[in-house]
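> Positions in the sequence shown are counted from 1; adding 786 to them yields this note's numbering.
Using N, Cα and C, we set each Cβ at its ideal position, and we do this for glycine too.
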Amino acid sequence: MTTLPTCSRVRLMPLVICLILTPLLTHTGCSDSGGASQVDLASQAPQIPVPDATQFDVASHTGKIVVVNFWATWCGPCRIEIPALVKLRESFAADEVIIVGISTGEYGSPEQVRNKLAAFIEQKDINYPIFYDESMQVTHQYNEMAPFLHAGIPATMVFDRQGRVHKRHLGVPMYDGQLDPLGVLQRDIQGLLDQS
Numbered sequence: 787m788t789t790l791p792t793c794s795r796v797r798l799m800p801l802v803i804c805l806i807l808t809p810l811l812t813h814t815g816c817s818d819s820g821g822a823s824q825v826d827l828a829s830q831a832p833q834i835p836v837p838d839a840t841q842f843d844v845a846s847h848t849g850k851i852v853v854v855n856f857w858a859t860w861c862g863p864c865r866i867e868i869p870a871l872v873k874l875r876e877s878f879a880a881d882e883v884i885i886v887g888i889s890t891g892e893y894g895s896p897e898q899v900r901n902k903l904a905a906f907i908e909q910k911d912i913n914y915p916i917f918y919d920e921s922m923q924v925t926h927q928y929n930e931m932a933p934f935l936h937a938g939i940p941a942t943m944v945f946d947r948q949g950r951v952h953k954r955h956l957g958v959p960m961y962d963g964q965l966d967p968l969g970v971l972q973r974d975i976q977g978l979l980d981q982s
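#1: Can you pull the DSSP bridge partners for Thr942?
#2: Output needed for Glu882: all residues of its chain with C-beta closer than 8 Å, excluding positions within five of it in sequence on either side, in chain order.
#3: Straight-line CA distance for Asp919 to Arg865?
#4: Would you please state the rounded distance, in angstroms, between the beta carbons of Ala858 and Glu892? I believe it to be under 8 Å.
#5: According to DSSP, is Gln983 helix, strand or coil?
#6: For Ile888, list the residues DSSP reports as bridge partners.
#7: Using the Cβ count rule (16 or more neighbours within 10 Å means buried), how would you classify Pro896?
#8: Please classify Arg900 as buried or exposed, where buried requires at least 16 other C-beta atoms within 10 Å of its C-beta.
#9: According to the neighbour-count rule (16 or more other Cβ atoms, all chains shown, within 10 Å of its Cβ), is Cys816 buried or exposed?
#10: Tell me whether Leu807 sits in a helix, a strand or coil according to DSSP, three-state version.
#11: Compute the Euclidean distance between the alpha carbons of Gln981 and Val951, then round it to the nearest angstrom.
#12: For Glu867 and Val958, I'd like the C-alpha separation in whole angstroms.
#13: The alpha helix (DSSP H) spanning Arg875 covers which residue range?
#14: Measuring straight from C-alpha to C-alpha, what distance separates Ala941 and Ala879?
#15: Quick check: the Cα distance between His926 and Gln972, rounded to an integer number of angstroms?
#16: Kindly list the residues whose CB is nearer than 7 Å to the CB of Ile916, restricted to its own chain and excluding five residues on each side of it in sequence; keep chain order.
#17: Tell me the residue span of the alpha helix (DSSP H) that contains Lys910.
#18: CB Ala937 to CB Leu956, shorter than 8 Å?
#19: May I have the straight-line CA-CA distance separating Gln948 from Lys873, to the nearest angstrom?
#20: From the DSSP output, which residues share a beta bridge with Val883?
#21: Could you tell me which of Ser877, Arg954 and His847 sits nearest to Asn855, measuring between CA atoms?
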């Protein structure tokens, strides 16, 4: 099973710079109101708490299936996965399946990042907890457990009820050559539930 695409900061940096600079250098500006209509996610942050990722521990959820998704707001493939994770949260009982997002590799001061994440959570109607890995400590810990996070994000790990890594997905999960994060993760989880 292939799980592509991924975001690797090193490989994507020239593209990101071009994507940022092109509109700045070429945009003349149009809006129905006659003025600029740029929306700054960080400046309109709702009051949604974004706890530090060190507060999350898979071991504290023994007896439940845990899905941990590493992502960032700037990562296009991560944005593709988020609606699937929202639907996934709705598909399984919270007392059986835990879904958590860990934001990693964000840019800005801790306050700016938390505001940006809070706005992003509200904008995308994210219905599962999001943690911010400011120090990258948690990302490194999980990478030691299943060395694949260094290759890029999104990266998703599915843990069984005993807290063992059951599945790892680097990039948006695919099935039969098609992007299918919801279907792949539902099958991963259902397989574990059926073992119970």
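This is what the structure holds:
#1: Asn855 and His955
#2: Lys850, Ile851 and Leu979
#3: Rounded to the nearest angstrom, the two C-alpha atoms are 18 Å apart.
#4: 6 Å
#5: This structure gives no information on residue 983, because the portion of the chain shown stretches from 787 to 982.
#6: Phe856 and Phe917
#7: exposed
#8: buried
#9: The predicted position of Cys816 is uncertain, since its pLDDT is 26 and thus under 50; no value can be drawn from it.
#10: In this predicted model, Leu807 has a pLDDT of only 35, less than 50, meaning its place in the structure is not dependable; the value taken from the coordinates is given anyway. Here Leu807 sits in helix by DSSP.
#11: 15 Å
#12: 6 Å
#13: In the DSSP assignment, Arg875 falls within the alpha helix (DSSP H) that extends over Gly862 to Ser877.
#14: 23 Å
#15: 26 Å
#16: Leaving aside the five residues that flank Ile916 on each side, the residues in its chain whose CB is nearer than 7 Å to its CB run, in chain order, Val836, Gly887, Ser889, Leu903 and Ile907.
#17: From DSSP, Lys910 is part of no alpha helix (DSSP H); its letter is neither H nor E.
#18: yes
#19: Linking Gln948 to Lys873 through their CA atoms gives a straight-line distance of about 24 Å.
#20: Ile851
#21: Of all alpha-carbon atoms in Ser877, Arg954 and His847, the one lying nearest the alpha-carbon of Asn855 is that of Arg954.
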